[in-house]
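Protein chains: 2
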Amino acid sequence: MARNVSDSDSVRRQNRGLVLGALRVQGPLSRTALAAGTGLSHASITAITHDLIEQQVIAELEPAERQDARGRGRPATLVGFNRHVSAAALFELDVNRARLSLVDYGGILVDRIETPITPTTFAESTPTAFLADRLRQLQSRNPVEASVLRRVAISVQGILDREGQSLRWSPIAHLANKPFATELAAEFALPVALHKRGRLLAEGARWLDPALHDASVATVFVGSTVAMGMTFRGQILGRGDEGATEFGHMNHLPNGALCRCGMRGCIEAYASDYGVLRTAYSVPETAPPAPAVPAQQYEDLIARAEAGDRNATHAFNVAGRAVGFGLSRMMAVFDPSHILIVGPGARAFGLMQAEINAALASALICRVNGLPQVVAYRDEREPVFKGLLMKTLNEIDQTDFATLA
Amino acid sequence: MARNVSDSDSVRRQNRGLVLGALRVQGPLSRTALAAGTGLSHASITAITHDLIEQQVIAELEPAERQDARGRGRPATLVGFNRHVSAAALFELDVNRARLSLVDYGGILVDRIETPITPTTFAESTPTAFLADRLRQLQSRNPVEASVLRRVAISVQGILDREGQSLRWSPIAHLANKPFATELAAEFALPVALHKRGRLLAEGARWLDPALHDASVATVFVGSTVAMGMTFRGQILGRGDEGATEFGHMNHLPNGALCRCGMRGCIEAYASDYGVLRTAYSVPETAPPAPAVPAQQYEDLIARAEAGDRNATHAFNVAGRAVGFGLSRMMAVFDPSHILIVGPGARAFGLMQAEINAALASALICRVNGLPQVVAYRDEREPVFKGLLMKTLNEIDQTDFATLA
DNA sequence: AATTCTTTTTTCGAGCAGTGAAATTAATGC
DNA sequence: GCATTAATTTCACTGCTCGAAAAAAGAATT
Numbered sequence: 026m027a028r029n030v031s032d033s034d035s036v037r038r039q040n041r042g043l044v045l046g047a048l049r050v051q052g053p054l055s056r057t058a059l060a061a062g063t064g065l066s067h068a069s070i071t072a073i074t075h076d077l078i079e080q081q082v083i084a085e086l087e088p089a090e091r092q093d094a095r096g097r098g099r100p101a102t103l104v105g106f107n108r109h110v111s112a113a114a115l116f117e118l119d120v121n122r123a124r125l126s127l128v129d130y131g132g133i134l135v136d137r138i139e140t141p142i143t144p145t146t147f148a149e150s151t152p153t154a155f156l157a158d159r160l161r162q163l164q165s166r167n168p169v170e171a172s173v174l175r176r177v178a179i180s181v182q183g184i185l186d187r188e189g190q191s192l193r194w195s196p197i198a199h200l201a202n203k204p205f206a207t208e209l210a211a212e213f214a215l216p217v218a219l220h221k222r223g224r225l226l227a228e229g230a231r232w233l234d235p236a237l238h239d240a241s242v243a244t245v246f247v248g249s250t251v252a253m254g255m256t257f258r259g260q261i262l263g264r265g266d267e268g269a270t271e272f273g274h275m276n277h278l279p280n281g282a283l284c285r286c287g288m289r290g291c292i293e294a295y296a297s298d299y300g301v302l303r304t305a306y307s308v309p310e311t312a313p314p315a316p317a318v319p320a321q322q323y324e325d326l327i328a329r330a331e332a333g334d335r336n337a338t339h340a341f342n343v344a345g346r347a348v349g350f351g352l353s354r355m356m357a358v359f360d361p362s363h364i365l366i367v368g369p370g371a372r373a374f375g376l377m378q379a380e381i382n383a384a385l386a387s388a389l390i391c392r393v394n395g396l397p398q399v400v401a402y403r404d405e406r407e408p409v410f411k412g413l414l415m416k417t418l419n420e421i422d423q424t425d426f427a428t429l430a
Numbered sequence: 026m027a028r029n030v031s032d033s034d035s036v037r038r039q040n041r042g043l044v045l046g047a048l049r050v051q052g053p054l055s056r057t058a059l060a061a062g063t064g065l066s067h068a069s070i071t072a073i074t075h076d077l078i079e080q081q082v083i084a085e086l087e088p089a090e091r092q093d094a095r096g097r098g099r100p101a102t103l104v105g106f107n108r109h110v111s112a113a114a115l116f117e118l119d120v121n122r123a124r125l126s127l128v129d130y131g132g133i134l135v136d137r138i139e140t141p142i143t144p145t146t147f148a149e150s151t152p153t154a155f156l157a158d159r160l161r162q163l164q165s166r167n168p169v170e171a172s173v174l175r176r177v178a179i180s181v182q183g184i185l186d187r188e189g190q191s192l193r194w195s196p197i198a199h200l201a202n203k204p205f206a207t208e209l210a211a212e213f214a215l216p217v218a219l220h221k222r223g224r225l226l227a228e229g230a231r232w233l234d235p236a237l238h239d240a241s242v243a244t245v246f247v248g249s250t251v252a253m254g255m256t257f258r259g260q261i262l263g264r265g266d267e268g269a270t271e272f273g274h275m276n277h278l279p280n281g282a283l284c285r286c287g288m289r290g291c292i293e294a295y296a297s298d299y300g301v302l303r304t305a306y307s308v309p310e311t312a313p314p315a316p317a318v319p320a321q322q323y324e325d326l327i328a329r330a331e332a333g334d335r336n337a338t339h340a341f342n343v344a345g346r347a348v349g350f351g352l353s354r355m356m357a358v359f360d361p362s363h364i365l366i367v368g369p370g371a372r373a374f375g376l377m378q379a380e381i382n383a384a385l386a387s388a389l390i391c392r393v394n395g396l397p398q399v400v401a402y403r404d405e406r407e408p409v410f411k412g413l414l415m416k417t418l419n420e421i422d423q424t425d426f427a428t429l430a
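If you read the sequences in order, they're chains U and D.
The opening residue of the first sequence carries number 26 in my numbering; numbering runs sequentially from there.
The opening residue of the second sequence carries number 26 in my numbering; numbering runs sequentially from there.
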């Protein structure tokens with residue numbers, strides 16, 4: 026049984042976590058602001074910050090560093106994360122790109138390695154070797170940060186196993202069923218976490234708009250795949266097995282268009298870039314999907330649709346209908362207050378909106394509660410990276426530093 | 026902001042809640058068993074039970090009451106809930122029946138009032154008057170329990186508003202948009218909670234089978250309606266707005282069969298009793314659904330199908346297909362380890378199983394993770410009542426007594 | 001019948017984290 | 001230089017858990 030007992034230790038963990046969380050969300054704060062933000066007394070904040078400073082987790086900012094909006098009274102001393110106390114390595118694995126970012130504890134990007142991915146990349150070298158190579162390279166280029174590296178986090182697409190340590194299936198060729206997370210953890214003696222890209226989108230979306238931070242939000246990515254992540258009143262839904270959310274592969278039409286995953290009738294088969302292109306060019310639904318669609322080609326199609334081209338607009342209508350019915354069906358199970366559309370497909374939102382709304386209108390829950398706000402975020406400002414970053418740093422905060430003696 | 030600060034008060038609440046929770050789940054226990062079950066030290070258990078006994082929340086059982094499986098050593102003294110310290114009134118509102126049960130703090134049924142409901146019941150008298158009448162009647166018949174009544178809980182079908190205090194929509198005629206929960210709370214000066222029937226099914230299912238207590242389970246009710254509740258690792262999904270789960274009204278086929286809710290193509294329109302009957306008798310899909318189906322008629326249809334009647338088996342196949350695709354779509358968002366089918370339709374599970382599995386097999390998540398266990402519970406032993414009971418008593422435990430000075 | 005085990009429960013002193021109130025600190029304004 | 005203001009720290013106290021030791025209550029043994 027998990028130890029649910031509450032004792033002075035769990036109290037300290039909880040309250041230190043609150044302090045670190047406030048700093049993570051709001052940036053450097055004065056002790057008074059921390060007391061207000063966390064609800065703890067000034068006395069407790071003094072004790073907690075004293076400990077955290079002693080352990081070098083946080084530090085007082087130099088007076089020079091703070092912009093002095095002076096008033097009367099003793100000026101506040103801000104405390105903020107000690108950037109040098111730890112670091113994290115963040116991999117983003119996509120169908121056609123791998124990116125490794127080294128960030129410090131303050132969330133500042135230190136170094137980055139990008140590598141194109143081809144369908145044969147992980148056939149030629151194992152995923153473990155591929156990732157280990159790049160991580161070693163990054164370590165040798167940044168010895169200082171490497172010495173305080175505490176976490177490796179990997180954003181992937183696909184379905185994770187129950188333990189969240191490997192992929193059962195992935196659209197990235199030759200990546201599924203390889204124990205790279207475990208092997209990497211062993212080789213570098215570091216915790217390695219796998220995160221579903223869709224889930225990170227939801228995490229990232231919370232940082233796009235502060236108003237969303239504590240709301241129930243479904244974030245839908247539309248692009249080379251279709252994916253979704255959800256937050257429920259500020260909590261990410263699902264760690265581990267339960268939220269194997271595969272929105273893009275929810276069935277839209279039984280026996281429908283062939284999807285990249287091999288099944289038929291998935292939302293993705295209609296709404297992803299390859300699906301839209303296939304429809305626009307009247308390629309049969311059962312034709313094998315293109316392995317990758319150049320970004321330019323997708324952009325061109327959007328432009329043509331916006332110019333009024335019948336085939337193109339039809340294709341986006343079909344896509345919108347698929348997304349709309351998917352959302353309407355999802356809402357029968359889970360009813361978020363906001364729906365965000367992100368990714369390259371967000372640019373085509375105007376072309377899909379009418380069909381999305383029509384489909385939503387056919388859901389009882391929408392008729393009763395009204396249509397949810399569906400909003401497209403075009404300038405996505407890298408929500409996946411942001412999500413991966415914040416999730417990983419937050420994990421360090423809460424696990425390593427909230428609990429440190 | 027909710028006060029997330031942890032202090033000695035929250036420690037006490039948490040640990041007293043743990044003790045009460047263990048007693049709720051496992052029945053009367055010795056202090057040693059409580060220490061083992063909760064993870065608290067013997068010293069703490071002594072202190073906590075001492076306080077709870079002093080406040081009459083729990084009591085030591087008379088030695089006579091415990092079956093003595095004696096061994097050596099000092100015999101254990103069991104402690105259990107003091108049944109007389111509080112009571113709850115539980116309403117179950119159905120399409121054709123209202124039931125009010127009075128239960129004591131030990132979960133023992135004290136008294137019960139059943140009333141048939143007709144489509145005009147809540148037009149002739151307001152829901153508030155109807156409920157208040159019966160509650161007063163119960164109070165006057167049981168003055169002792171009435172004096173310690175602490176909660177009124179109401180099981181309803183339909184869609185709740187964001188605050189969970191009234192129904193936005195309900196299949197029960199004239200019940201929606203009446204503020205009966207608020208009015209009842211004011212009149213009796215008691216907290217009144219509205220619970221979705223589907224949600225309670227999920228709660229109740231946890232008590233049907235101890236193995237399910239901490240699993241992720243979707244419980245599907247098939248009968249005069251189709252509804253679902255979900256637990257995630259032992260936590261009921263959704264309190265309040267988010268889980269406005271209306272599984273029965275998830276769209277199955279765009280522009281499909283007419284549902285009682287007025288929309289078209291809902292799962293319920295194919296899989297509920299009226300849906301199956303409509304299909305079996307080749308009534309057009311767009312014919313208005315029968316307001317209520319006699320239980321006997323549904324049983325007869327099952328019997329006919331089991332005897333091989335073509336029209337009947339076809340109807341159940343259609344129903345299974347609707348439920349199966351609904352589940353397959355749900356699993357793209359939420360992936361439970363177990364699926365339970367309960368309600369009158371559980372008897373027809375054998376007739377629907379093949380189509381359910383076929384539909385599930387078309388979901389990527391099932392192809393990858395394997396089909397979930399779909400099990401029918403025929404002898405449902407009143408999961409709704411059980412769920413309402415346990416949820417309400419647990420709420421009293423955690424809110425009133427875990428925190429009491 | 002007295003003594004020895006065995007198991008359950010309570011007692012006791014220590015440790016720890018949070019709190020409010022009062023004191024201290026460090027600037028501003030006159 | 002001194003009053004004023006606002007941020008922090010100090011201090012005395014509270015309440016909770018914990019481990020170890022003691023007490024309690026029968027069973028088994030002699």
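Glycine included, every Cβ here is placed at the ideal spot set by N, Cα and C.
Everything numeric in this text was worked out from a predicted model, so none of it was measured.
Please decide whether E267 of chain D counts as near chain U, where near means a Cβ-Cβ distance under 7 Å.
Working through the second sequence from its first residue, we reach residue 267 of chain D at position 242. Caution applies to E267 of chain D, whose pLDDT of 43 falls short of 50 and renders its modelled position unreliable; the value that the coordinates give is listed next. Residue contact check for E267 of chain D against chain U: a CB pair falls below 7 Å.
If I measure Cβ to Cβ from P53 of chain D and keep anything under 6 Å in the same chain, skipping five residues before and after, which residues do I get?
To locate residue 53 of chain D, count along the second sequence from 1; it is residue 28. The beta carbon of P53 of chain D sits closer than 6 Å to those of L86, L103, G105, all from its chain and outside the five residues before and after it, given in chain order.
Looking at the strands, I want to know which residues DSSP matches up with K221 of chain D.
As a position in the second sequence, residue 221 of chain D is number 196, starting the count at 1. Under DSSP, K221 of chain D forms a beta bridge with D:V181.
Leaving aside the five residues before and after R38 of chain U along the sequence, list all residues of the same chain whose C-beta is less than 7 Å from its C-beta, in chain order.
The sequence position of residue 38 of chain U within the first sequence is 13, counting from 1. The answer, listed in chain order, is A427, T428.
What first and last residue would you give for the alpha helix (DSSP H) that runs through L115 of chain D?
Along the second sequence, read from residue 1 onward, the residue named residue 115 of chain D stands at position 90. Note, L115 of chain D: premise wrong, no alpha helix (DSSP H); beta strand (DSSP E) at 112-118.
Is F257 of chain D helix, strand or coil when you go by DSSP?
In the second sequence, counting from the first residue as 1, residue 257 of chain D sits at position 232. In the structure shown, F257 of chain D sits in a strand (DSSP, three-state: E or B).
Select from U:R99, U:L77, U:G64, U:P361 the residue whose C-alpha is nearest the C-alpha of D239 of chain U.
In the first sequence, counting from the first residue as 1, residue 239 of chain U sits at position 214. Ranking U:R99, U:L77, U:G64, U:P361 by Cα distance to D239 of chain U puts U:P361 first.
Does the structure place the segment 148-168 of chain U close enough to the segment 194-208 of chain U that three or more beta carbon pairs sit under 8 Å?
Inter-segment contact for the segment 194-208 of chain U and the segment 148-168 of chain U is present: three or more beta-carbon pairs are separated by less than 8 Å.
Determine, using beta-carbon pairs with one atom in the segment 238-256 of chain U and one in the segment 314-329 of chain D, whether at least three such pairs fall under 8 Å.
Because the criterion of three Cβ pairs below 8 Å is not met, the segment 238-256 of chain U and the segment 314-329 of chain D do not touch.
Does DSSP put N167 of chain D in a helix, in a strand, or in coil?
Here the question's residue 167 of chain D lines up with position 142 in the second sequence. Here N167 of chain D sits in coil by DSSP.
Less than 6 Å between C-beta atoms, sequence neighbours within five positions excluded: which residues of the same chain meet that for A201 of chain U?
Locating residue 201 of chain U in the first sequence gives position 176, where the first residue counts as 1. If we look at A201 of chain U and ignore the five residues flanking it on each side, its Cβ neighbours are L192, W194, S195.
Determine whether the beta carbon atoms of G290 of chain D and L302 of chain D lie at a separation below 7 Å.
By one-based count along the second sequence, residue 290 of chain D stands at place 265. By one-based count along the second sequence, residue 302 of chain D stands at place 277. For G290 of chain D and L302 of chain D, no; Cβs fall outside 7 Å.
At a CB distance below 7 Å, what residues from the segment 367-390 of chain D approach chain U? Give them in sequence order.
Flagged, chain order: S387, A388, L389, I390.
Rounded separation between V367 of chain U and T244 of chain U - CA only
Position 342 of the first sequence holds residue 367 of chain U. Position 219 of the first sequence holds residue 244 of chain U. Going by the C-alpha atoms only, they are around 7 Å apart.
So, using beta-carbon positions, are G131 of chain U and R108 of chain U closer together than 7 Å?
Here residue 131 of chain U refers to the residue found at position 106 of the first sequence. Here residue 108 of chain U refers to the residue found at position 83 of the first sequence. Yes, the pair counts as a contact, with Cβ atoms nearer than the cut-off.
Cross-strand partners of L134 of chain D (DSSP beta bridge)
Taking the second sequence and counting its residues from 1, the one referred to as residue 134 of chain D is at position 109. L134 of chain D has D:V128 as its beta-bridge partners, per DSSP.
So, is the C-beta of R264 of chain U closer than 7 Å to a C-beta in chain D?
Taking the first sequence and counting its residues from 1, the one referred to as residue 264 of chain U is at position 239. With a pLDDT of only 46 at R264 of chain U, under 50, the local geometry of the prediction cannot be trusted, and the value read off the model is given with reservation. No, because no Cβ of chain D sits closer than 7 Å to the Cβ of R264 of chain U.
Within 7 Å of any Cβ in chain U, is that where the Cβ of M270 of chain D sits?
Along the second sequence, one-based indexing puts residue 270 of chain D at 245. Residue identity check: residue 270 of chain D is Thr in the sequence provided, not Met. So yes, T270 of chain D belongs to the interface.
Would you mind reading off the limits of the alpha helix (DSSP H) that contains L192 of chain U?
Locating residue 192 of chain U in the first sequence gives position 167, where the first residue counts as 1. No alpha helix (DSSP H) holds L192 of chain U; the beta strand (DSSP E) holding it covers 192-194.
For the candidate residues U:T424, U:L418, U:V409, U:G375, whose alpha-carbon lies nearest to that of A401 of chain U?
Position 376 of the first sequence holds residue 401 of chain U. Of the listed residues, the one whose Cα sits closest to A401 of chain U is U:G375.
For M255 of chain D and Q399 of chain D, the rounded distance between their alpha carbons
Within the second sequence, numbered from 1, the residue matching residue 399 of chain D stands at position 374. Within the second sequence, numbered from 1, the residue matching residue 255 of chain D stands at position 230. Contrary to the premise, residue 399 of chain D reads as Val rather than Gln in this sequence. Roughly 14 Å separates the two Cα atoms.
Closer than 6 Å by C-beta to G62 of chain U: which residues in its own chain qualify, once you throw out the five before and the five after it? Chain order, please.
Along the first sequence, read from residue 1 onward, the residue named residue 62 of chain U stands at position 37. If the five residues before and after G62 of chain U are omitted, its C-beta is found closer than 6 Å to the C-beta atoms of A47, all from its own chain and listed in chain order.
As an exercise, report each continuous alpha helix (DSSP H) stretch of at least 4 residues that is fully enclosed by the segment 281-330 of chain D, in chain order.
The segment 281-330 of chain D contains these whole alpha helix (DSSP H) runs: 293-296, 298-305.
Rounded to a whole number of angstroms, what is the C-alpha to C-alpha distance between D129 of chain D and P319 of chain D?
Translated into positions along the second sequence, residue 129 of chain D becomes position 104. Translated into positions along the second sequence, residue 319 of chain D becomes position 294. Distance between the alpha carbons of D129 of chain D and P319 of chain D: 33 Å.
Rounded to whole angstroms, how far is the Cβ of E271 of chain U from the Cβ of A357 of chain D, which I believe are closer than 8 Å?
In the first sequence, counting from the first residue as 1, residue 271 of chain U sits at position 246. In the second sequence, counting from the first residue as 1, residue 357 of chain D sits at position 332. 5 Å between Cβ atoms; contact.
Nearest to R134 of chain D (by Cα), restricted to the options D:I421, D:Q423, D:K411
Numbered from 1 along the second sequence, position 109 holds the residue referred to as residue 134 of chain D. It should be pointed out that residue 134 of chain D corresponds to Leu in this sequence rather than to Arg. Ranking the options by Cα distance to L134 of chain D, first place goes to D:K411.
Can you tell which of D:A383, D:V30, D:Q80, D:Q164 has the C-alpha that lies nearest to the C-alpha of N280 of chain U?
Looking up residue 280 of chain U in the first sequence gives position 255. In terms of Cα proximity to N280 of chain U, the closest of D:A383, D:V30, D:Q80, D:Q164 is D:A383.
DSSP puts R335 of chain U in a beta bridge; with which residues?
Locating residue 335 of chain U in the first sequence gives position 310, where the first residue counts as 1. Bridge partners of R335 of chain U according to DSSP: none are assigned.
Between A357 of chain D and chain U, is any beta-carbon pair separated by less than 7 Å?
Position 332 of the second sequence, counting from 1, holds the residue named residue 357 of chain D. Closer than 7 Å to some Cβ of chain U, the Cβ of A357 of chain D qualifies, so yes.
If you run the structure through DSSP and keep just helix, strand and coil, what is N382 of chain U?
Translated into positions along the first sequence, residue 382 of chain U becomes position 357. In the structure shown, the three-state DSSP call for N382 of chain U is helix.
Within 10 angstroms of the Cβ of H67 of chain U, are there 16 or more other Cβ atoms? Answer buried if so, exposed if not.
Locating residue 67 of chain U in the first sequence gives position 42, counting from the first residue. The residue in question, H67 of chain U, is exposed, as its Cβ has fewer than 16 Cβ neighbours within 10 Å.
Starting from E420 of chain U and walking both ways along the alpha helix (DSSP H), at which residues does that stretch end?
Counted from its first residue, the first sequence places residue 420 of chain U at position 395. Residue range 408-420 is occupied by the alpha helix (DSSP H) that includes E420 of chain U.
Since L219 of chain D and A230 of chain D are thought to touch, with beta carbons under 8 Å apart, how far apart are those beta carbons, to the nearest angstrom?
One-based indexing of the second sequence puts residue 219 of chain D at position 194. One-based indexing of the second sequence puts residue 230 of chain D at position 205. L219 of chain D to A230 of chain D, Cβ: 20 Å. No contact.
Chain-ordered chain D contacts of L43 of chain U [CB-CB under 9 Å]:
The residue given as residue 43 of chain U occupies position 18 in the first sequence. Going along chain D in sequence order, the residues near L43 of chain U (Cβ under 9 Å) are N29, V30, S31.
Taking 7 Å as the threshold (C-beta atoms), are D422 of chain U and L45 of chain U in contact?
The residue given as residue 45 of chain U occupies position 20 in the first sequence. The residue given as residue 422 of chain U occupies position 397 in the first sequence. A contact, by the Cβ cut-off of 7 Å.
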